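FYI, in our numbering the residues of the sequence shown are 17 to 129. Idealized CB from N, CA, C, for every residue including glycine. If you're wondering where the values come from, they're calculated on a predicted model, not measured in any experiment.
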Amino acid sequence: MQCLFCDIIEKKRPSRIIYEDDHAVAFEDINPQAPVHTLIVPKKHISTNLEITDADNWLIGHLFQIANSVARSKGIAENGFRLVMNCNRGAGQTVFHIHLHVLGGRLMHWPPG
């Protein structure tokens with residue numbers, strides 16, 4: 017099965033990558049929902065949050081550390097930003113490869129949905 021994010025990780029599809037290391041990649045969302053909307057994706061394919069195992073705990077923590085770095089570099093850390101990770105279609109997950117959304121640069125309303 018073809019995975020859009022795996023294709024981006026493997027450089028088979030273009031994207032505006034802003035960060036990459038051996039375990040993750042961060043790139044700009046093609047349909048931004050805020051002035052800053054960056055996706056952080058592990059290079060390991062994990063379809064949904066429900067498939068995260070104890071062995072992946074360090075990887076999930078790493079994604080959050082990258083999110084902090086992205087927020088600082090984009091100038092949204094001090095004013096505030098939102099982190100979102102959807103799980104399954106009913107929650108809005110459209111690409112079944114876990115990813116963390118970093119959203120900021122505008123007032124975030126509550127409730128979000």
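Host alpha helix (DSSP H) of residue i (start-end)
| i | result |
| --- | --- |
| Val86 | 73-89 |
| Cys22 | 20-25 |
Rounded Cβ spacing between residue i and residue j (contact assumed at less than 8 Å)
| i | j | result |
| --- | --- | --- |
| Ile56 | Val100 | No, Ile56 and Val100 are not in contact; Cβ-Cβ is about 11 Å, not under 8 Å. |
| Arg122 | Pro51 | 6 Å |
| Ile33 | Phe21 | That belief does not hold up - the Cβ atoms of Ile33 and Phe21 are roughly 12 Å apart, past 8 Å. |
| Leu75 | His125 | Actually they are not in contact, since the Cβ atoms of Leu75 and His125 sit about 30 Å apart, beyond 8 Å. |
Local conformation of residue i per DSSP, three classes
| i | result |
| --- | --- |
| Leu119 | strand |
| Phe43 | strand |
| Glu67 | helix |
| Ile92 | coil |
| Arg32 | coil |
| Phe112 | coil |
Any non-hydrogen atom of the ligand GDP closer than 8 Å to residue i Cβ
| i | result |
| --- | --- |
| Asn73 | The ligand GDP is not part of this structure, which contains no ligands at all. |
First through last residue of the beta strand (DSSP E) which encompasses residue i
| i | result |
| --- | --- |
| Ile56 | 52-58 |
| Arg105 | Where Arg105 is concerned, there is no enclosing beta strand (DSSP E), given that its DSSP letter is neither H nor E. |
Checklist entry - Do the stretch 90-98 and the stretch 57-65 touch if we need at least three Cβ pairs shorter than 8 Å? => result With the cut-off at 8 Å, the stretch 90-98 and the stretch 57-65 do not touch.
Item to check | Segment contact flag, the stretch 62-78 with the stretch 22-31, C-beta cutoff 8 Å, min 3 pairs | outcome: No contact exists between the stretch 62-78 and the stretch 22-31.
Checklist entry - How about the stretch 113-124 and the stretch 72-87: do they share at least three Cβ pairs that are nearer than 8 Å? => result Contact between the stretch 113-124 and the stretch 72-87 is present: three or more C-beta pairs spanning the two stretches fall below 8 Å.
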